[in-house]
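Colleague: In the working numbering, the protein residues as written are 25 to 168.
All C-beta atoms in this analysis are idealised placements derived from N, C-alpha and C, irrespective of residue type, glycine included.
Since the structure is predicted, the reported quantities are computational estimates derived from the model, not experimental observations.
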């Protein structure tokens, strides 16, 4: 009987050690920030940033492309640059999820404008959308 009580106490002790780790994992970190969504035909384009709040320096931009806001659009070639820069930087497609990533140098978050060039693969269709970084806002995660 003493052995079973000891085993039970060890299990409870183990759970008490793991529980705080699980709870810490549930606590939200920085809010996700995004730029206002733009549209090209039936494709909705949203841009998120890492770190969440844009600062001067290297910033990862995630371009999320979805048809009618739902189905991932993965037939695009996406390139990014800060307005005024001559060089386009092609984003890396993150699987077939309609997510494209690229790190770009930001000099002045209050004034810089991200230019996103979208081109449909195997087509001449192309569009450039502009996202002023000063318009960055928290995403609405309360409804999710």
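Between residue 75 and the rest of its own chain, which residues show a CB-CB distance below 6 angstroms, the 5 nearest in sequence each way excluded?
Modeller: There are no such residues.
Colleague: Drop a sphere of 10 angstroms on the beta-carbon of residue 84, count the other beta-carbons inside from all chains shown, and report buried for 16 or more, exposed for fewer.
Modeller: Per the 10 Å Cβ criterion, exposed.
Colleague: Here's a check: name, in chain order, each residue in its chain whose Cβ is nearer than 7 angstroms to the Cβ of residue 78, leaving out the five neighbours to either side.
Modeller: Closer than 7 angstroms at the Cβ level, and outside the excluded window around residue 78, lie 130, 133, 157 and 160.
Colleague: Would residue 87 pass as a contact of residue 101 if the rule is Cβ separation under 8 angstroms?
Modeller: Against a cut-off of 8 angstroms, the Cβ pair of residue 101 and residue 87 comes out as no contact.
Colleague: Is the beta carbon of residue 155 less than 8 angstroms from the beta carbon of residue 142?
Modeller: Their beta carbons are not under 8 angstroms apart, which means residue 155 does not touch residue 142 by this criterion.
Colleague: Would you identify the three-state DSSP class for residue 92, choosing helix, strand or coil?
Modeller: Coil, per DSSP.
Colleague: Given residue 92, which residues of its chain have a CB within under 8 angstroms of its CB, disregarding the five upstream and five downstream residues?
Modeller: Hits under 8 angstroms: 66 and 68.
Colleague: Just curious, the beta strand (DSSP E) that residue 156 is in, first and last residue?
Modeller: Run containing residue 156: 150 to 156, per the beta strand (DSSP E) assignment.
Colleague: Taking residue 101 as part of the beta strand (DSSP E), name the residues at either end of that continuous run.
Modeller: From DSSP, the beta strand (DSSP E) with residue 101 extends over 100 to 106.
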